[in-house]
Amino acid sequence: MNAITAEGLVKTFGSGEKAVKAVGGVDLVVPEGTVVGLLGPNGAGKTTTVRMLTTLLAPDAGRAVVAGHDVVREPQAVRSKIGLSGQYAAVDENLTGRENLWLFGRLYQLSSKEASKRAAELLEQFNLTDAADRTLKTYSGGMRRRLDLAGSLIVRPQVLFLDEPTTGLDPSSRLDLWDVIRERVAEGSTILLTTQYLEEADALADDIVVIDHGVIIAQGTADQLKAQIGGERIEVIVHDPEALGKAEQVLNLGSGGQCLRDDHTRKLTVPTHTGSKGLIQVIRDLDEAGVGIDDIALRRPTLDDVFVKLTGRHAEDETQAETAQGRAS
Amino acid sequence: MTTDVAPTAAAPSRVGLNQAFADAMTITWRNIRAGWRVPDNQIYMFIQPIMFVLLFAYVFGGAINVPGVDYVDFLMAGIFVQTMAFACAPASVGLADDMQKGLIDRFRSLPMARSAVIAGRVIADLVNQLIVLVIMIVCGFIVGWTFHNGFGQFLAAVGLLMLFAFAMLWVGALIGLSVGSPQVAASAGLIWLFPVVFMSNVFVDPSSMPSVVQAIAEWNPVSAIASGARELFGNQSLVQSEAWPMQHPVAAALLWCLLIIAVFAPLAVRKYKKASSK
């Protein structure tokens, strides 16, 4: 069973010459119980796609079925089965944490009593009990995001949409939030997560959909995407620049002449198919040859490498250039 | 971690009247509760009305000399009307704030009545305006103002003032949904109110104004509301004008309110639907 099926979603903003095709025909399938990461730079069409799937925006073309209901024809049924947590933490900063959750509970049509009970449970689950009766003005950015996320889990949603859940958070808050999201994953939630952080998609998602300029440019597991640009490699930083030539000889011998040399950083890179065994072998060979090393690592290609391969640009390059139209995305 | 026994929400295909009402009440609760915690609103609701009554009664009261009239008796309904006109401020700032912070998106993703966001805003602001009006009336009694036509007409005057506030809330809602940020809503969105309120018979007799301004003042809805309230309160109203609204102030006041509502309520609702589906 698929929790989300989208076919040919199109959304254009503006008209005439100024028209911007934010989403240009997106097909998306999210099977129940999986986490799909929608990865792309700012302005790629991630948020617009999520807004269409969560009934906030009517698509110009195409159709989407979420939790068994058509988003255009049965929006109210879709809304009762989804949770949405956005990049702009949409909570009322003049209400307390408890009041915010009670409010959302009531609007999910729970009784006042049920809403209070649910609010207390979620506050405990998200480690916010101590701050429950303070207004959100006193919350840190990470606490607000946690509360925002709690607000999207009032009724156990069949599908959870997380639109850039960690954008703007400091690294430790981000890791905290990842833990919270992983708990949902462990419970079997179906999640569509958008992110511009490659490592975030890698860390949380089963499947990754890479989107750029409103079109999907790649799709697969993190490993599949990485496999598209080749396998693992070993990187060695040689201590003594004088020994670079000797080390290169050693590595060429072991790899059949595939060693790459960078004099400036004293770095040698060699592909491997045997993982950590290959790494140990390289260390032994270099040790026997008497070459001292500063650093050695087995490196797997990152999703950033994938992005460069697919688009010819770094994912982060566009972030600044397109921030101006960020909200429109 | 607690065991997670999340309730499931009902999945109504259409929102019934009962739910629309319940949702509007929930949003009303939120607006009043959250609103009262904002210092700006506390000042607006509790300090400003008292300040205006005292300032005008004791500072201008002696300086503005309207012959043959007890100024406080004349003035007080004018201050009430001025304050009700500024009812559009909290509505516009509140809605602009919700738009900017993404709360309206959150609400729209919930299985709730769409109408509740605006309805809850308007009801909450009406409740707040009623509190403000009661505070001002009590202050008025303290500085020596009173009504002369009996309690029934007094209540009618209060009703008229609240109807005017209700009308102005829709103007404020339209502004708030149009401007994009609460800062703009609070400044540019309100600046037009000053000439509208001052070019009227709220504080002075329009016959002292240049003829063009006087004509504007006589046909200004604010003047009609002030004169209507004065007539119902039994306060002096200085009518020396032949203009129809000044001859029939209560009828004119009601017509103006209904006209404002008829124009601005549909515009605000349309703007809400449009702005929230971007």
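Quick mapping for you: the protein sequence lines, in order, are chains A and B. So for the first sequence, our numbering puts the first residue at 1; every next one is plus one. So for the second sequence, our numbering puts the first residue at 330; every next one is plus one. Virtual Cβ for every residue (Gly too), placed ideally from N, Cα, C.
query: In or out: Trp521 of chain B buried (at least 16 other Cβ within 10 Å) or exposed?; result: exposed
query: Is DSSP giving Leu128 of chain A helix, strand or coil here?; result: coil
query: Identify whether Val422 of chain B lies in helix, strand or coil by the three-state DSSP scheme.; result: helix
query: From this set, B:Ser529, B:Tyr400, B:Phe409 and B:Ala494, which residue's C-alpha is nearest Ser570 of chain B's C-alpha?; result: B:Ser529
query: Is the Cβ of Asn94 of chain A closer than 8 angstroms to any Cβ of chain B?; result: yes
query: Can you tell which of A:Asp163, A:Asp60, A:Ser173 and A:Ala247 has the C-alpha that lies nearest to the C-alpha of Ala201 of chain A?; result: A:Asp163
query: Using a Cβ cut-off of 8 angstroms (strictly closer), state whether Gln348 of chain B contacts chain A.; result: yes
query: Where do the N-terminal and C-terminal ends of the alpha helix (DSSP H) with Gln371 of chain B fall, by residue?; result: Pro368 to Gln371
query: Could you check whether Phe532 of chain B and Leu404 of chain B sit closer than 8 angstroms to each other, using their CB atoms as the reference points?; result: yes
query: Would Ala132 of chain A count as contacting chain B if we go by Cβ distances under 8 angstroms?; result: no
query: If we ignore side chains and look at the alpha-carbon of each, how far apart do Gly326 of chain A and Trp474 of chain B end up?; result: Any reading at Gly326 of chain A needs caution, since the residue's pLDDT is 40, under 50, leaving its predicted position unreliable; the model's value is listed next. Their backbone Cα atoms lie some 56 angstroms apart in a straight line.
query: Could you check whether Ile237 of chain A and Thr265 of chain A sit closer than 8 angstroms to each other, using their CB atoms as the reference points?; result: yes
query: Assuming contact is defined by CB atoms lying nearer than 8 angstroms, are Ala44 of chain A and Ile293 of chain A in contact in what I supplied?; result: no
query: Looking only at its chain, what residues have a beta carbon closer than 7 angstroms to the beta carbon of Asp70 of chain A, apart from the 5 residues adjacent to it on each side?; result: Arg63
query: Hey, Arg145 of chain A and Leu169 of chain A: beta-carbon distance below 8 angstroms or not?; result: yes
query: I believe Gly14 of chain A touches Val20 of chain A by the beta-carbon criterion, under 8 angstroms. Please report the beta-carbon distance rounded to the nearest angstrom.; result: 6 angstroms
query: So that I know if they touch, is there some Cβ in chain A lying closer than 8 angstroms to that of Gly469 of chain B?; result: no
query: In the segment 417-434 of chain B, which residues sit with their C-beta less than 9 angstroms from some C-beta in chain A, listed in chain order?; result: Asp427, Gln429, Lys430, Gly431, Leu432, Ile433 and Asp434
query: Compare the C-beta of Ala90 of chain A against all C-beta atoms of chain B and say whether one is closer than 8 angstroms.; result: yes
query: Report the rounded CA-to-CA distance for Met52 of chain A versus Ala67 of chain A, giving the unit in angstroms.; result: 14 angstroms
query: Ordered along the chain, which non-local residues of its own chain (more than five positions away) have a Cβ less than 7 angstroms from that of Asp148 of chain A?; result: Ser85, Ala89, Ala90 and Val91
query: Mind pulling the chain A residues with CB within less than 7 angstroms of Met441 of chain B?; result: Leu107
query: Just to confirm, are Pro511 of chain B and Ala425 of chain B a CB contact at a threshold of 8 angstroms?; result: yes
query: Which first and last residues belong to the beta strand (DSSP E) in which Ala90 of chain A is found?; result: No beta strand (DSSP E) contains Ala90 of chain A, which DSSP labels as neither H nor E.
query: My parser needs the alpha helix (DSSP H) runs of 4 or more residues fully inside the segment 36-118 of chain A; what are they?; result: 46-53, 75-79 and 97-107
query: Note down the Cα distance separating Gly220 of chain A from Ile208 of chain A, rounded to an integer number of angstroms.; result: 6 angstroms
query: Can you tell me which of the three DSSP states Gln348 of chain B falls into?; result: helix
query: Check whether chain B comes within 8 angstroms of Gln196 of chain A, counting only Cβ atoms and requiring the distance to be less than that.; result: no
query: Quick check on Thr49 of chain A - is its C-beta less than 8 angstroms from some C-beta in chain B?; result: no
query: Using the C-alpha atoms, what's the distance from Pro157 of chain A back to Val72 of chain A?; result: 19 angstroms
query: I'd like to know whether the C-beta atoms of Phe593 of chain B and Leu503 of chain B end up nearer to each other than 8 angstroms.; result: yes
query: Compute every distance between the C-beta of Gly105 of chain A and the non-hydrogen atoms of the ligand SAM, then say whether any falls below 7 angstroms.; result: No copy of the ligand SAM appears in this structure; indeed no ligand is present at all.
query: Given a limit of 9 angstroms on CB to CB distance, which residues of the segment 49-66 of chain A reach chain B?; result: Arg51, Thr54, Thr55, Leu56, Leu57 and Ala58
query: Helix, strand or coil: how does DSSP classify Arg443 of chain B here?; result: coil
query: Considering only C-alpha positions, which residue in the set B:Ala349, B:Gly423 and B:Phe389 is nearest to Asp369 of chain B?; result: B:Gly423
query: Could you tell me the boundaries of the beta strand (DSSP E) in which Thr5 of chain A lies?; result: Asn2 to Phe13
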